[in-house]
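Just below is one structure, and these are the notes that go with it.
Numbering (this note's numbering), first residue to last: 57 to 280.
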């Protein structure tokens, strides 16, 4: 049962193809390339999929609350409203969001994700494919795999994530064979997303959200 975990990276995507304990890291140019990876049952991607038209998603609020006790709530960026995808720049994004979301404007960090969200939104199709699911690596590490208490990118946090992943996949082999230039944090997040993808394929994943879908029929939920 091959599954794919995906994390955004510098206008591209880092993919972790997991089959049994074997995992292989690869760089994928765009969302179309992500969906074109052959032989994959589930694609778990760390990027908003279902987008609200006029407000905050319930899944973002719940995910932040779940991560708050561990100090990782800020790792969940509130997803932008759908109108932001049409913005040409940050100023227009703020204007469109305020008009649609009762005065709420996206942060600069959130707007930096807009191009990747739009790329993914364009290729998911209508109706959307059910095999592509939104996940969040920090929920996987802190609420699923366990043993992670420190921030990613720190020495302690990196070792904790490696130890957590080592229990479920051959992560060191994947890192040793990673494409040149892929940062450790993105590689580990992609591997955590792959672990979530396998749980989705097996029917054992946990998800948060209020059961609603967006205007294109995509669930507004986050899984791990």
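Note that the Cβ used here is the ideal one computed from N, Cα and C, for glycine as well.
**Asked** Which two residues bound the contiguous alpha helix (DSSP H) that contains residue 201?
**Response** Neither: residue 201 is in no alpha helix (DSSP H) and is coded neither H nor E.
**Request:** State the beta-bridge partners of residue 254 as determined by DSSP.
**Result:** For residue 254, which the question treats as bridged, DSSP gives no partner whatsoever.
**Request:** Output yes or no for whether 8 Å exceeds the beta carbon distance between residue 188 and residue 278.
**Result:** Not in contact: residue 188 and residue 278 (Cβ atoms no closer than 8 Å).
**Asked** In three-state terms, what does DSSP make of residue 109?
**Response** Correct three-state label for residue 109: coil.
**Asked** Do you know how far the Cα of residue 74 is from the Cα of residue 83?
**Response** If I take the Cα positions, the gap works out to 14 Å.
**Prompt:** Along the chain, which unbroken stretches of the beta strand (DSSP E) at least 3 residues long are found entirely within the segment 174-246?
**Reply:** Runs found: 188-190.
**Integer-rounded CB distance, given that residue 196 should sit under 8 Å from residue 252** = Indeed, because the Cβ distance is near 5 Å, the residues count as touching under 8 Å.
**Request:** Would you mind reading off the limits of the alpha helix (DSSP H) that contains residue 141?
**Result:** Careful: residue 141 lies outside any alpha helix (DSSP H) and carries neither H nor E.
**Message:** So the candidates are 132, 133, 167 and 158; which of them puts its Cα closest to the Cα of residue 148?
**Reply:** Measuring from the Cα of residue 148, the nearest candidate turns out to be 167.
**Asked** In or out: residue 103 buried (at least 16 other Cβ within 10 Å) or exposed?
**Response** Classification for residue 103: buried.
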